[in-house]
Amino acid sequence: MHEYLSPGRFIDSDHPSVVEFAEKHRGASRDPLEQAISLYYAVREAVRYNPYTFSRDPQTLRGSHALATGESYCVPKATLLAGAARHCGIPARIGLADVRNHLSTPRLLELLKSDMFAMHGYTEFYLQGRWIKATPAFNRKLCELFNVAPLEFDGINDSVFHPFNRDGAKLMEYLVDHGQFADVPEAFFFEHLEKCYPHLFGEQLQPLLGDMQSDLSRT
Numbered sequence: 721m722h723e724y725l726s727p728g729r730f731i732d733s734d735h736p737s738v739v740e741f742a743e744k745h746r747g748a749s750r751d752p753l754e755q756a757i758s759l760y761y762a763v764r765e766a767v768r769y770n771p772y773t774f775s776r777d778p779q780t781l782r783g784s785h786a787l788a789t790g791e792s793y794c795v796p797k798a799t800l801l802a803g804a805a806r807h808c809g810i811p812a813r814i815g816l817a818d819v820r821n822h823l824s825t826p827r828l829l830e831l832l833k834s835d836m837f838a839m840h841g842y843t844e845f846y847l848q849g850r851w852i853k854a855t856p857a858f859n860r861k862l863c864e865l866f867n868v869a870p871l872e873f874d875g876i877n878d879s880v881f882h883p884f885n886r887d888g889a890k891l892m893e894y895l896v897d898h899g900q901f902a903d904v905p906e907a908f909f910f911e912h913l914e915k916c917y918p919h920l921f922g923e924q925l926q927p928l929l930g931d932m933q934s935d936l937s938r939t
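Quick note: the sequence shown uses my numbering, first residue 721, plus one each step.
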């Protein structure tokens, strides 16, 4: 379990801002399960989900970077949650999967040229003798705009994307699970993304500008 408790390059549990965040949001309970629940909700709401923040700069994968900017996408939010958990003595790691997203925005789908979201990130905690999935990506406000119930986490059951929204429309499908890692596998992560979205890795690519919440507010 040592590797799931130690600071990593991207799961930077020893970064001062991550330490401060973890101490602020771990809660009063000494129970690791209760602390994990408290940290999950803190990350879900403290960092607004915005996939347009994606960058080919590896430094943006760090949990501390997500905290500093206040908005990020699923992977840095997952590394932040894992880092906060490790600071609190809870073994944690990151998982990666390809998912099909049926409720995106037209602008984002046009940018990706696909409804497949490669390398979706989630966190796993080791609690009560087993690994439990937690997905802190979508904050409550974004879920309301999507007409999706925000994901809850009880520390016992896996918390993954709902397959349907409140109206019964298909929302998310998990296509390929790439497994779990002690830290973000940088080379594999970017190589797979480039394979899925080669147009986003051209030399002339400009920084992605946009905001998913604003996209939804305009529809």
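Think of the CB as a built atom: it goes at the ideal place given N, C-alpha and C, for glycine as much as any other residue. Note that the structure is predicted; figures quoted are calculated from it, not measured.
If the five residues before and after residue 844 are omitted, its C-beta is found closer than 6 Å to the C-beta atoms of 813, 815, 851, 853, 900, all from its own chain and listed in chain order.
Considering only 830, 872, 724, 737, the residue with the shortest C-alpha distance to residue 858 is 872.
In this structure, DSSP gives residue 833 a state outside helix and strand, which the three-state scheme calls coil. Between residue 895 and residue 819, the CB-CB gap stays under 8 Å. Going by DSSP, residue 755 is part of the alpha helix (DSSP H) stretching over 752–766.
With respect to residue 746, residue 808 sits close: the two C-beta atoms are nearer than 8 Å. When the alpha-carbon of residue 770 is set against those of 906, 737, 828, the nearest one is in 828. Put simply, the backbone Cα of residue 831 is about 12 Å away from that of residue 916.
Comparing alpha-carbon positions, the option among 798, 775, 870, 749 lying closest to residue 738 turns out to be 798. Between residue 723 and the set 879, 811, 751, 781, the nearest pair of CA atoms involves 811. The three-state reading of DSSP puts residue 855 in coil, since its state is none of H, G, I, E or B. DSSP places residue 792 in the strand class (E or B) of the three-state scheme. Apart from sequence neighbours up to five positions away, the residues of its chain that approach residue 860 with a beta-carbon distance below 8 Å are 764, 765, 870, ordered along the chain. The way I'd put it, the segment 876–887 doesn't touch the segment 783–795; fewer than three beta-carbon pairs between them come closer than 8 Å.
Taking 8 Å as the cut-off, the beta carbon of residue 906 is found closer than this to the beta carbon of residue 778. DSSP, reduced to helix, strand and coil, places residue 779 within a helical segment of the structure shown.
Taking all protein chains shown into account, residue 803 has 16 or more neighbouring C-beta atoms within 10 Å of its C-beta and is therefore buried. Apart from sequence neighbours up to five positions away, the residues of its chain that approach residue 837 with a beta-carbon distance below 6 Å are 819, 821, ordered along the chain. By alpha-carbon distance to residue 735, the top candidate from 840, 801, 908 is 801. Linking residue 756 to residue 792 through their CA atoms gives a straight-line distance of about 20 Å. Here residue 827 carries a helix assignment [DSSP, helix/strand/coil].
The residue among 762, 732, 775, 754 with its C-alpha nearest the C-alpha of residue 855 is 762.
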